[in-house]
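Visitor: FYI, the numbering used here numbers position 43 of the sequence shown as 49, with every residue one higher than the one before it.
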Amino acid sequence: MVSAGDFKNGLTVEIEGVIYQIIEFQHVKPGKGAAFVRVKIKNLVSGSIVEKTFRPQDKFPKAHIERMEMQYLYSDGELYHFMDTNTFEQIALNENEIGDSLKFVKENENVKMLSHNNKVFGIEPPLIVELKITETEPGFRGDTTQGGATKPAIVETGARVNVPLFVDSEEIIKVDTRTGEYVGRV
Numbered sequence: 007m008v009s010a011g012d013f014k015n016g017l018t019v020e021i022e023g024v025i026y027q028i029i030e031f032q033h034v035k036p037g038k039g040a041a042f043v044r045v046k047i048k049n050l051v052s053g054s055i056v057e058k059t060f061r062p063q064d065k066f067p068k069a070h071i072e073r074m075e076m077q078y079l080y081s082d083g084e085l086y087h088f089m090d091t092n093t094f095e096q097i098a099l100n101e102n103e104i105g106d107s108l109k110f111v112k113e114n115e116n117v118k119m120l121s122h123n124n125k126v127f128g129i130e131p132p133l134i135v136e137l138k139i140t141e142t143e144p145g146f147r148g149d150t151t152q153g154g155a156t157k158p159a160i161v162e163t164g165a166r167v168n169v170p171l172f173v174d175s176e177e178i179i180k181v182d183t184r185t186g187e188y189v190g191r192v
């Protein structure tokens, strides 16, 4: 059990049966009245962020999140199939359990499967992935990124990424999976 007075950024707790991660916390001691803890927490299942207030003595069970290295095999339209690279055991998850976490992940790439009490609730893709651009407007000689101008591009997984004007189709780029932003060329 963790008391609200001991909250730290990144801590995962279970509040009313839901797993939350502490994003931000603040201990407040008003001039009048009792002290309280104001927190910004992220629901790890839905991804929503809410602000709540607790008394410092409120206690919550600590949520232990397991991260298993899995290989994304393929999607058959309804289910997404993963394999444990150690035991070769396969797991299939539906689109509701995956969300949009695989939009930058190619088949046969490794991801981290997040679970709590043996129930999978999310997928953590690699932080940076290398993807080939399948479709974008052609670049022109002299186009630079000094002005910060970008154009939309579609990568091999079907996701849309804004890239600098000088990047052409068929190039391989690096993408940050947390933000979906272009990082650089390979």
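Each residue gets a CB set at the ideal place from its N, CA and C atoms; glycine is no exception.
(1) Can you tell me which of Arg-73, Ala-10, Leu-108 and Lys-58 puts its alpha carbon nearest to the alpha carbon of Thr-185?
(2) If you drop the 5 nearest sequence neighbours on each side, which residues of the same chain put their C-beta closer than 6 Å to that of Thr-140?
(3) Could you tell me the distance, in whole angstroms, from the CA atom of Glu-101 to the CA atom of Lys-68?
(4) Does the segment 76-83 come into contact with the segment 43-52, if we say contact requires no fewer than three beta-carbon pairs (one atom in each stretch) closer than 8 Å?
(5) Quick check: the segment 175-182 against the segment 121-130, are at least 3 beta-carbon pairs closer than 8 Å?
(6) Go ahead and label Met-119 buried or exposed: buried means 16 or more other beta carbons lie within 10 angstroms of its beta carbon, across all protein chains shown.
(7) Could you spell out where the beta strand (DSSP E) holding Asn-100 opens and where it closes?
(8) How far does the beta strand (DSSP E) with Met-119 in it reach, from first residue to last?
(9) Report all residues from its chain with a CB closer than 8 Å to the CB of Lys-35; omit the five preceding and five following residues, and keep chain order.
(10) Measuring straight from C-alpha to C-alpha, what distance separates Lys-14 and Val-111?
(11) Please name the residue in Val-189, Gly-39, Phe-60 and Lys-157 whose C-alpha comes closest to that of Ile-134.
(12) Can you tell me the Cα-Cα spacing of Asp-182 and Asn-114, whole angstroms?
(13) Can you tell me the Cα-Cα spacing of Asn-168 and Glu-143, whole angstroms?
(14) Could you tell me which residues DSSP pairs with Gly-190 in its beta bridges?
(15) With a threshold of 16 other CB atoms inside 10 Å of the CB of Phe-88, please say whether the residue is buried or exposed.
Guide: According to the structure data:
(1) As a working note, residue 185 is residue 179 in the sequence shown. Minimum Cα distance to Thr-185 is reached at Leu-108.
(2) The residue you call residue 140 lines up with position 134 of the sequence shown. Correct list, in chain order: Ile-160 and Glu-162.
(3) The residue labelled residue 101 in the question sits at position 95 within the sequence shown. The residue labelled residue 68 in the question sits at position 62 within the sequence shown. About 28 Å.
(4) no
(5) no
(6) Along the sequence shown, read from residue 1 onward, the residue named residue 119 stands at position 113. Flag for Met-119 reads buried.
(7) Along the sequence shown, one-based indexing puts residue 100 at 94. Element bounds for Asn-100: 96-100.
(8) What you label residue 119 is simply residue 113 of the sequence shown in a count that begins at 1. Where Met-119 is concerned, the enclosing beta strand (DSSP E) stretches over 116-122.
(9) Within the sequence shown, numbered from 1, the residue matching residue 35 stands at position 29. So the list reads Ala-41, once near-sequence residues are dropped.
(10) Counting from 1 along the sequence shown, the entry for residue 14 is found at position 8. Counting from 1 along the sequence shown, the entry for residue 111 is found at position 105. Cα-Cα distance, rounded: 31 Å.
(11) For the purposes of this step, residue 134 is identified with residue 128 of the sequence shown, where counting begins at 1. Out of Val-189, Gly-39, Phe-60 and Lys-157, Val-189 has the C-alpha closest to the C-alpha of Ile-134.
(12) Within the sequence shown, residue 182 is the residue found at index 176, counting from 1. Within the sequence shown, residue 114 is the residue found at index 108, counting from 1. So the alpha carbons of these two residues sit roughly 18 Å apart.
(13) The residue labelled residue 168 in the question sits at position 162 within the sequence shown. The residue labelled residue 143 in the question sits at position 137 within the sequence shown. The straight-line gap from Cα to Cα measures roughly 11 Å.
(14) Stepping through the sequence shown from its first residue, residue 190 is reached at position 184. Paired residue(s): Lys-180.
(15) For the purposes of this step, residue 88 is taken as the residue at position 82 of the sequence shown. By the 10 Å Cβ count, Phe-88 comes out buried.
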